[in-house]
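Just below is one structure, and these are the notes that go with it.
2 protein chains.
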Amino acid sequence: MAVEGTTGRVTKRRVRTRANLLEAAFAVFAAKGFGRVSIEEVCEAAGYSRGAFYSNFGSLDELFFALYAERAGLIADQVAGALALDGPDLDVPAAVDRVTEVLLLDLDWLLVKTDFLVHAARDPAVAQTLLEHRERLRRAVADRLARAAGHTELPVVLGGAEGAAHAVIAAYDGVTTRLLLDKDVEHARAWLKQLLTALLTDGSDNPAARSGG
Amino acid sequence: MAVEGTTGRVTKRRVRTRANLLEAAFAVFAAKGFGRVSIEEVCEAAGYSRGAFYSNFGSLDELFFALYAERAGLIADQVAGALALDGPDLDVPAAVDRVTEVLLLDLDWLLVKTDFLVHAARDPAVAQTLLEHRERLRRAVADRLARAAGHTELPVVLGGAEGAAHAVIAAYDGVTTRLLLDKDVEHARAWLKQLLTALLTDGSDNPAARSGG
DNA sequence: TGTATCCGATACATCGATGTATCCAAAGGG
DNA sequence: CCCTTTGGATACATCGATGTATCGGATACA
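As you go down the protein sequences, you meet chains A and B in turn.
Oh and the first sequence: position 192 is 781 in our numbering, straight run, nothing missing.
Oh and the second sequence: position 81 is 670 in our numbering, straight run, nothing missing.
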């Protein structure tokens, strides 16, 4: 049982096992989808028996949740880093480029993340967690856009930096959906940059337009 | 066996059964998610035995595919209708409103559609079908936008009516993702309209901006 | 209305996944 | 270096889902 009673000991072996299981699970989930993966498969991929699994997790859902939390945290840090990277120069287009690279880096992650979305869509508690994670991301973007106010003005329709940040997330989600189908990461990045440019500029200082397909 | 050999007879009963199975499956899929539904459950919900199922479908995947094709076709028709509705007056904002109502009508459909996306993301053949359906939708939007050229000018960044139509789809997908988590259809509609307005206008003739959360 | 055909129900055999109980090995503390 | 505690392996019992083979009632058509 993966109970959290009184923390008897930390045990180096345990954390290794847990990490291995999570890593293997990521690969298996990405390849086959959460709904089509058995506990057995995860264990086999990780090189453990089911005993190890039940010693670390109570269910496949629990593992999935832990996996999501871990990876989502990493991404959030990377995005925050990419946004904080330029101190006082406040170059929005450059920030857009960097964030785009981070967000559309790993197709496997997008697959797992979408599985998790589907999962969350039917479990309010999970949905809450996912919404909170998204809100952290959005906060970072909104703050960054607010810092840039004056240098680049945002379209009024969106309602300031807060609304614009929502739009950035929506664009990300929209491009992700498409990317899951055509698997063309480079194109998706270009397209996301283009979309964000269209959303975040007032239509005055446009860079060159591309084909957009 | 659900074989399509030589069409022996049509049999009224058969089509009813098939339709009932599809309808029940829709409800069950929406409620529990494709990955967590058994053939048995679908049959029970429809009031049939598993014999009826295997007589009409070869697998749950096959049924799921048929279900998606059917419903997606309906939606596509509705969207095309909403776009064609105004003949020569070419009022883009009004068209945006109508299409938004249609696209964000039924939360259950969005749930099933997202399940299907996840499914397609791991099966190139299915992905192809989904991409084709999306392309039909996009075509309708692009044509409509092209018709409106001159009345409302599009931002150059997006690359004409074609690019703008891509953006419309992306916005729809982005808003859908959020909607799956917060389940607030009314808010999603307002937000999608706002997004589309921001995308499709050049920032000149903005209507009033809203809070955007 | 008779009859050939079709459709769906039932029963059965099988398989895979789950969870648990028990046992052996490996850490870590003294 | 022993010995207690912890972690993971093995074996087992069970359950649910799948697919198929077969049977009886319904349906279409003459």
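Glycine residues also receive a C-beta, built at the ideal position from the N, C-alpha and C atoms.
- The beta-carbon of residue 654 of chain A is placed no less than 8 Å from the nearest beta-carbon of chain B.
- 8 Å or more divides the Cβ of residue 734 of chain B from the Cβ of residue 760 of chain B.
- Within the region 677–696 of chain B, no residue places its CB atom closer than 8 Å to a CB of chain A.
- Note on residue 744 of chain A: 16 or more other CB atoms within 10 angstroms of its CB, so buried under the neighbour-count rule.
- In this structure, residue 610 of chain A sits near residue 652 of chain A, with a CB-CB distance shorter than 8 Å.
- For the region 700–734 of chain B, the residues whose beta carbon sits under 8 Å from a beta carbon of chain A are, in order, 700, 703, 704, 706, 707, 708, 709, 710, 711, 716, 719, 720 and 723.
- Taking a beta-carbon distance threshold of 8 Å, residue 672 of chain A does not count as an interface residue toward chain B.
- Put simply, the region 657–669 of chain B touches the region 681–701 of chain B. At least three CB pairs are less than 8 Å apart.
- Here the alpha carbon of residue 713 of chain A sits roughly 21 Å from the alpha carbon of residue 622 of chain A.
- 620, 621, 622, 623, 624 and 625: these are the residues of the region 602–625 of chain B whose beta carbon lies less than 8 Å from some beta carbon of chain A, given in chain order.
- When secondary structure is reduced to three states using DSSP, residue 722 of chain B falls in the helix class.
- Shown in chain order are the members of the region 773–791 of chain B whose Cβ falls below 7 Å from a Cβ of chain A: 783, 784, 786, 787, 788 and 791.
- Taking a Cβ-Cβ cut-off of 8 Å, residue 750 of chain B has no neighbours in chain A, whose nearest Cβ is about 10 Å from it.
- Measuring C-alpha to C-alpha distances from residue 612 of chain A to each of A:642, A:624, A:625 and A:600 identifies A:642 as the nearest.
- When B:789, B:689 and B:695 are compared, the shortest CA-CA separation from residue 748 of chain B is found for B:789.
- Going by beta carbons, residue 672 of chain A and residue 688 of chain A fall inside the 8 Å limit.
- In terms of Cβ geometry, residue 656 of chain B and residue 770 of chain A do not form a close pair [threshold 8 Å].
- When only Cα atoms are considered, residue 630 of chain B and residue 620 of chain B end up about 12 Å apart.
- With a threshold of 8 Å between beta carbons, residue 631 of chain B makes no contact with chain A.
- For residue 782 of chain B, the enclosing alpha helix (DSSP H) starts and ends at 774–789.
- Relative to residue 784 of chain B, the option among B:625, B:685 and B:627 whose CA is nearest is B:685.
- Annotation for residue 691 of chain A: 667, 668 and 671 place their beta carbon closer than 6 Å to its own, counting only its chain and skipping 5 residues before and after.
- Neighbours of residue 771 of chain A in chain B, taken as residues at a C-beta separation under 8 Å, are given in chain order as 716 and 720.
- With a cutoff of 8 Å on beta-carbon distance, residue 645 of chain A and residue 607 of chain A are scored as near each other.
- Linking residue 709 of chain A to residue 674 of chain A through their CA atoms gives a straight-line distance of about 32 Å.
- Contact of residue 766 of chain A with chain B by beta-carbon distance below 7 Å involves 706 and 762.
- The DSSP assignment places complete alpha helix (DSSP H) segments of no fewer than 4 residues inside the region 615–647 of chain B at 628–635 and 639–645, in order along the chain.
- Where residue 746 of chain B is concerned, there is no enclosing alpha helix (DSSP H), because DSSP gives it neither an H nor an E.
- Excluding residues up to 5 positions away in sequence, 606, 609 and 610 lie with their Cβ nearer than 8 Å to the Cβ of residue 637 of chain B in the same chain.
- Beyond the five residues adjoining it in sequence on each side, residue 697 of chain B comes within less than 6 Å, by CB distance, of 619 in the same chain, given in chain order.
- Assigned with DSSP and collapsed to three states, residue 599 of chain A falls in coil, not helix or strand.
- According to the DSSP assignment, residue 675 of chain A belongs to no alpha helix (DSSP H), since it is labelled neither H nor E.
- The beta-carbon of residue 661 of chain B is placed no less than 8 Å from the nearest beta-carbon of chain A.
- Classified as exposed, residue 740 of chain B has fewer than 16 neighbouring CB atoms from the shown chains inside 10 Å of its CB.
- Per DSSP, reduced to three states, the secondary structure at residue 739 of chain A is coil, with no helix or strand assignment.
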